DNA sequence: ACATCTGTGTTACTTGCGGTAACACTAATG
DNA sequence: CATTAGTGTTACCGCAAGTAACACAGATGT
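Protein chains in written order, with UniProt numbering: chain A, 1 to 217; chain B, 1 to 217.
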């Protein structure tokens, strides 16, 4: 048995796996996070057990699918973050890139963000405070990446690493929540949203004057 | 039949409803969002159909439960937001209130934030871009409330309403994501987190200097 | 008093989904 | 030519959501 060399069968298996992932992609794009394993199998023209052979269980398939999209989105974001422009412009470009992505494919976005939980089925007993264990890895990854960029490029004085991580996750959360709300209500153009968020990050909240008649917020 | 007056039966029904909600609360606090209707019924000492009579379906029970906790949390937040202190202090108090709440009862928090979706089961066809329809109402409500406070108290010039809403949802998202990450990784004390986030809102991101060796973020 | 309406409670069922077992077929590999 | 690794099937289990259909108790109106 040779362990190092790719046999013909293995390569065909990988190809199949990719085809299955693309089928799953189509279904998720159509049905959102409610996509069932049956539906995905049907779309791929096969039956459930094959999916389970390839991906183990549903969260395995989810992870594979999510990794694809997450990687793609993170590449776009990195590009925006690395563009040759000043800080404000790059922050706006990054926000806009993210918002454009979720605007273009809301179903995929929804699938990545709200994976429908479930997971541990029988006799679990996992218990414990596993808060966040199943939350969308996309947010975490974006937060960590942004934290890295911030720490690499900004001079934040003592405690900079901690601060950068807090900010990374905080900014990503801000972007996410505002984007989620905006996508649903569509209260303004994307450009307006980007500018408003950048203004917030630029300290306009602290700089704003009190309104006459009451103590300032 | 009198429509205006509460009959004895109705009052007893309301009481029962409250008891069921408290049982559900206990189960959710113990099992997290995976709490099944069977388990809740068992905890209440009854069987499923009664739950369905009272709450319609699972999302009905979820909504009732969520409203209780959401209202309670929002009351705390409003109190922090209305305290007699300057803006920065109040922002910090509000952040701290939220973080203390999720720290104290992570299971409840998880239930509120990640309701396990599901919902529209059969023959749906709802389709459409309903992104965010089922996202945690808690985040939305907090965002809207904060937006209101911001708009009421701050002088933001033209387009203030739009700006306030964007900021409301953005800040809440920042708080939520940072809190979620913090609760899971516990990288620092609550006070540190609060100060870091407030610094972010106070424009330290824009004010920070570039690090030597590259273009600033 | 008696029928009635309202709310409480049950058992037993259907439906759908995640996941698995057991089995059959095909082709590259030695 | 046997083995192995992959593809594929049908038929099933277990479980959770949700739904009849039926039984009982107590307040209510005539």
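Don't be surprised by glycine CBs; every beta carbon is placed ideally from N, CA and C. The structure displayed is predicted, hence computed values, not measured ones.
Unbroken alpha helix (DSSP H) run spanning residue i, endpoints
i: residue 96/A; result: 87-104
i: residue 39/B; result: 37-44
i: residue 68/B; result: 58-82
i: residue 49/B; result: 48-55
i: residue 182/A; result: 160-185
i: residue 212/B; result: Here residue 212/B belongs to no alpha helix (DSSP H), and DSSP marks it neither H nor E.
i: residue 137/A; result: 137-153
Cut-off 7 Å between Cβ atoms - residues of its own chain near residue i, not counting five sequence neighbours on either side
i: residue 132/B; result: Confidence is the limiting factor: at residue 132/B the pLDDT is only 37, short of 50, which leaves the residue's position unreliable, though a coordinate-based value still follows. Cβ within range, chain order: n/a, list empty.
i: residue 66/A; result: 112, 137, 138
i: residue 149/B; result: 81
i: residue 183/B; result: 102, 103, 106
i: residue 193/B; result: 99, 178, 182
i: residue 145/B; result: 74
i: residue 8/B; result: none
i: residue 153/B; result: none
i: residue 16/B; result: none
Distance CB(residue i)-CB(residue j) smaller than 7 Å
i: residue 156/B; j: residue 191/A; result: no
i: residue 166/A; j: residue 178/B; result: yes
i: residue 92/B; j: residue 198/B; result: yes
i: residue 151/B; j: residue 161/B; result: yes
i: residue 77/A; j: residue 97/A; result: yes
i: residue 56/A; j: residue 107/A; result: no
i: residue 24/B; j: residue 40/B; result: yes
i: residue 70/A; j: residue 80/A; result: no
i: residue 181/B; j: residue 54/A; result: no
i: residue 51/A; j: residue 37/A; result: yes
i: residue 143/A; j: residue 172/A; result: yes
For residue i: DSSP bridge partner residues
i: residue 20/A; result: Looking at the DSSP assignment, residue 20/A forms no beta bridge with any residue, so it has no partner.
i: residue 203/B; result: The partner list for residue 203/B (beta bridge, DSSP) is empty, contrary to what the question assumes.
8 Å Cβ shell around residue i - same chain, five flanking residues per side excluded
i: residue 200/B; result: 174
i: residue 19/B; result: 44
i: residue 124/B; result: Unreliable placement is indicated for residue 124/B, whose pLDDT of 30 sits below 50; no coordinate value is reported for it.
i: residue 89/B; result: 83
i: residue 104/B; result: none
i: residue 195/A; result: 92
i: residue 29/A; result: 105, 107, 108
i: residue 48/B; result: 37, 38, 41
i: residue 85/B; result: 93
Own chain partners of residue i with C-beta closer than 6 Å, once the 5 adjacent residues on each side are dropped
i: residue 27/B; result: 35, 39, 40, 43
i: residue 164/A; result: 147, 150, 151
i: residue 228/B; result: Residue coverage of chain B in this structure runs from 1 to 217, which leaves residue 228/B outside it and unanswerable.
Quiz item: Quick one, which residues of the segment 44-71 of chain A are near chain B if we go by CB-CB under 8 Å, in chain order?
Solution: Here the close residues number zero.
Quiz item: Closer than 8 Å, Cβ to any Cβ of chain A: which residues of the segment 164-176 of chain B, in chain order?
Solution: For the segment 164-176 of chain B, residues whose beta-carbon sits nearer than 8 Å to a beta-carbon of chain A comprise 165, 166, 167, 169, 170, 171, 172, 173, 174, 175, 176.
Practice problem: Select from the segment 88-99 of chain A all residues with a C-beta closer than 9 Å to any C-beta belonging to chain B, and list them in chain order. | Solution: Look at the segment 88-99 of chain A: the residues with a C-beta under 9 Å from a C-beta of chain B are 88, 90, 91.
Exercise. For the segment 133-156 of chain A, enumerate the residues whose C-beta is nearer than 8 Å to any C-beta of chain B, in chain order.
Key: Result list: 133, 134, 135, 139, 140, 143, 149, 150, 152, 153, 154, 155, 156.
Practice problem: Could you please tell me which residues of the segment 199-211 of chain B, in chain order, have their CB closer than 9 Å to any CB of chain A? | Solution: The segment 199-211 of chain B vs chain A, Cβ under 9 Å: 199, 200, 201, 202, 203, 204, 205, 206, 207, 208, 209, 210, 211.
Quiz item: Taking any Cβ of chain A, which residues in the segment 188-199 of chain B have a Cβ under 8 Å from it, in chain order?
Solution: Along the segment 188-199 of chain B, the positions whose C-beta sits under 8 Å from a C-beta of chain A are 188, 192, 193, 196, 197, 199, read in chain order.
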